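Some notes on the structure that comes next.
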């Protein structure tokens, strides 16, 4: 069956007011005029778009640092990414749109820099920079950034820890046999 | 040893069901009584009314999943069995709301705790909310009947170590505690109630009242959303349902027309008021969706030297009401203390932080106990409360507003939980709040809790009990339905679910829903027969 990605146009970014506040809305407007990343899903995904992947590939290993016992299985990030894609595919359209808007906010150059402190590409962000960004959002006075922090952690942690390869590190033997 | 799948066997014997995701054409269904929702309220009503000789059609938005689908895997259970794939939250995103969305509703995924409605709650409804005929004696026979029907008894087995922390801590401090009654028969004590019972021991609607309804000649339409009631004068004329895709994410273009003599909404808090709002149902006093309550929950983790394994064993078997009624019915907010089961995916988001900090907390999972406090919202004018709103696409969300009165209860609850955890022998206590760290003594915990900035998102909050939004009561200016569940403005429309409650319950609500809706259904059957 088809799994249409939730729509996430720049126009929606403004309408839903994810940024909040007039100044930030201006940033969104600028984004709407200059940014035009494709909304189509990336190859091998049903929801995540090409533009989301560099962001998530940097975020996931930082959020899971210490959770993946060495030697790290090379596919831990890939498996988590696939889990996030699956999770978004089952959300209600309204929630899926919100998640993709959050990724837009984090990937559009015009919003990424001011809101995250990461001025270059995600690919070149250091672990330290990613941790600083997460810490900044966690403690933000803007509720929407605190919400963003909480969503990124939830998506990543739930995706990893619902996989059997994650369980040895947290002492969970798995479900019994029935 | 394979567990027999009762539902699959019934289907093989010819139970009549319709899968809304696989319709080849639009469909028209007729019944005496159409019931939207197959959880505690819908299932209970369906069994009684079908046994009384009425042709019942049950309508469920979620999928039909049965014991053979329940593999005790978080990755499978959350997206398929929960509202919005476990993504449902309050409108601001700060309170995670766990509600079932599958044939059998929340009863398929709840943790089986079964309490009668507290006497104080029933009296308050009569005194403050104009509810008639819901006294202790009125309801007692219905609670008894449903307790028998669903095997509800205090758990006779020793509590798991996670629950035993409440017993040991309360005992040491001289606090009240008691054993939780559970709706199970032949329970294997596995601990996976929240992912669908793989052994059919939990007496959810999926293995009790829904099968009984189908056996009585009723029909079940699933993966179909009740979109809109259409009215003719002061009656419901027909109900429009939309077939859903097999992930239950979006309508698939098929439409189902349902015609019935009487309609019952039993989609639970949030979804029942949403059907009324989408339908522009008469609401002259603007009451639909108002006063929705959550039993907002906060969490306290503790590390023990001994093994707790909080992922195994009956998830809830001990509770404490020591702090529930201390300030009277409408004094400072009271709370019930229980524990949640802690499987890895949920645990990882509850325990907090990221990277090495989170990993170290997760590494200790087998030695971790978590307590929860369920706050009794809706009894005091300054209590937090919610309003159901529709998003642009017609889907519902809950605008739940915290208040200082309620935050105060959360802070006291952090204190009570830390007290009990240390008294039970905890080595360290961690209030689950972004600004908290592990406290190694009660004094350290007290200072830490007093300083916590209680704000949305920094305080981890959840809810598994949505109540109210279509309050019952005799006064049409404040209530959506009367004390018999009849809509104040629409003649052939009733509400039979937790959205009826004028306040929260002050206990896990499933038995309240069973008892109240069983009584209302039997009275409805008498009226329809007349």
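Residue numbers (this note's numbering), protein chains in the order written: chain A, 10 to 187; chain B, 679 to 1208. The beta carbon of each residue, even a glycine, is placed where N, CA and C say it ideally should be. This structure is a prediction, so every number in the text was calculated from the model and none was measured.
- Taken in chain order, the whole beta strand (DSSP E) runs of length 3 or more contained in the segment 1162-1197 of chain B are 1171-1173.
- Along the length of the segment 965-1034 of chain B, whole alpha helix (DSSP H) runs at least 4 residues long occupy 1022-1029, reported in chain order.
- For residue 1105 (chain B), none of the residues of chain A pass the 7 Å Cβ criterion, the least Cβ distance being about 16 Å.
- Straight across, the Cα-Cα distance linking residue 1135 (chain B) with residue 838 (chain B) is about 30 Å.
- For residue 930 (chain B), no alpha helix (DSSP H) segment is defined; the enclosing uninterrupted segment is the beta strand (DSSP E) at 929-943.
- Sixteen is the threshold: since fewer than 16 other Cβ atoms of the shown chains lie within 10 Å of the Cβ of residue 128 (chain A), the residue is exposed.
- At a cut-off of 8 Å, the C-beta of residue 1112 (chain B) has a neighbouring C-beta in chain A.
- Of all alpha-carbon atoms in B:957, B:1065, B:1056, B:1051, the one lying nearest the alpha-carbon of residue 918 (chain B) is that of B:957.
- The closest CA to that of residue 890 (chain B), considering only B:716, B:1178, B:926, is found on B:716.
- DSSP, reduced to helix, strand and coil, places residue 1112 (chain B) outside both helices and strands of the structure shown, so it counts as coil.
- Residues of the segment 1054-1084 of chain B that bring their beta carbon within less than 9 Å of a beta carbon in chain A comprise 1069, 1070, 1071, 1073, 1075, in sequence order.
- Contact between residue 762 (chain B) and residue 104 (chain A) holds: CB atoms are separated by about 6 Å, below the 8 Å threshold.
- For residue 916 (chain B), the secondary structure class from DSSP, reduced to helix, strand or coil, is strand.
- Interface with chain A (8 Å Cβ-Cβ cutoff): residue 900 (chain B) is excluded.
- Nearest in C-alpha terms to residue 780 (chain B), of all of B:790, B:788, B:758, B:766, is B:758.
- Going by beta carbons, residue 947 (chain B) and residue 1146 (chain B) fall inside the 8 Å limit.
- According to DSSP, residue pairing for residue 922 (chain B) in a beta bridge involves B:929.
- Residue 1168 (chain B) is not a Cβ neighbour of residue 719 (chain B), given a cutoff of 8 Å.
- Residue 1203 (chain B) is a Cβ neighbour of residue 727 (chain B), given a cutoff of 8 Å.
- Residue range 1046-1053 is occupied by the beta strand (DSSP E) that includes residue 1047 (chain B).
- Interface residue (Cβ-Cβ distance to chain B less than 8 Å): residue 147 (chain A) is classified as such.
- Between residue 1029 (chain B) and residue 1036 (chain B) the beta-carbon gap is near 6 Å, inside 8 Å, which marks them as a contact.
- If you keep only unbroken alpha helix (DSSP H) runs of at least 4 residues inside the segment 708-732 of chain B, you get 718-729.
- Residue environment: residue 910 (chain B) is assigned as exposed (fewer than 16 neighbouring CB atoms within 10 Å of its CB, all protein chains considered).
- By the rule that beta-carbons nearer than 8 Å mark a contact, residue 770 (chain B) touches chain A.
- DSSP assignment within the segment 121-157 of chain A yields the following whole alpha helix (DSSP H) runs of 4 residues or more, N-terminal first: 136-147.
- For the segment 160-183 of chain A, the beta-carbon criterion of a distance under 9 Å to any beta-carbon of chain B is satisfied by 160, 161, 162, 163, 165, 166, 167, 168, 169, 170, 171, 172, 173, 175, 176, 178, 179, 180, 181, 182, 183.
- For residue 1061 (chain B), there is no enclosing alpha helix (DSSP H), as DSSP marks it with neither H nor E.
- Pairwise C-beta distances place the segment 808-821 of chain B out of contact with the segment 893-902 of chain B, as fewer than three of them are shorter than 8 Å.
- Under the Cβ criterion of 8 Å, residue 84 (chain A) is not counted among the residues facing chain B.
- Scanning its chain for C-beta atoms nearer than 7 Å, with the 5 sequence neighbours on each side dropped, one finds around residue 878 (chain B) the residues 681, 684, 745, 885, in chain order.
- Along the segment 857-886 of chain B, the positions whose C-beta sits under 7 Å from a C-beta of chain A are 868, 870, 876, 877, read in chain order.
- Annotation: residue 760 (chain B) is outside any beta strand (DSSP E) and is labelled neither H nor E by DSSP.
- When the five nearest sequence neighbours on each side are left out, the beta carbons in the same chain lying within less than 6 Å of the beta carbon of residue 730 (chain B) are those of 1203, in order along the chain.
- Excluding five sequence positions before and after residue 1093 (chain B), the CB atoms of its chain that fall closer than 6 Å to its own CB belong to 1127, given in chain order.
- Runs of the alpha helix (DSSP H) lying entirely within the segment 824-873 of chain B, each at least 4 residues long, are 839-851 in chain order.
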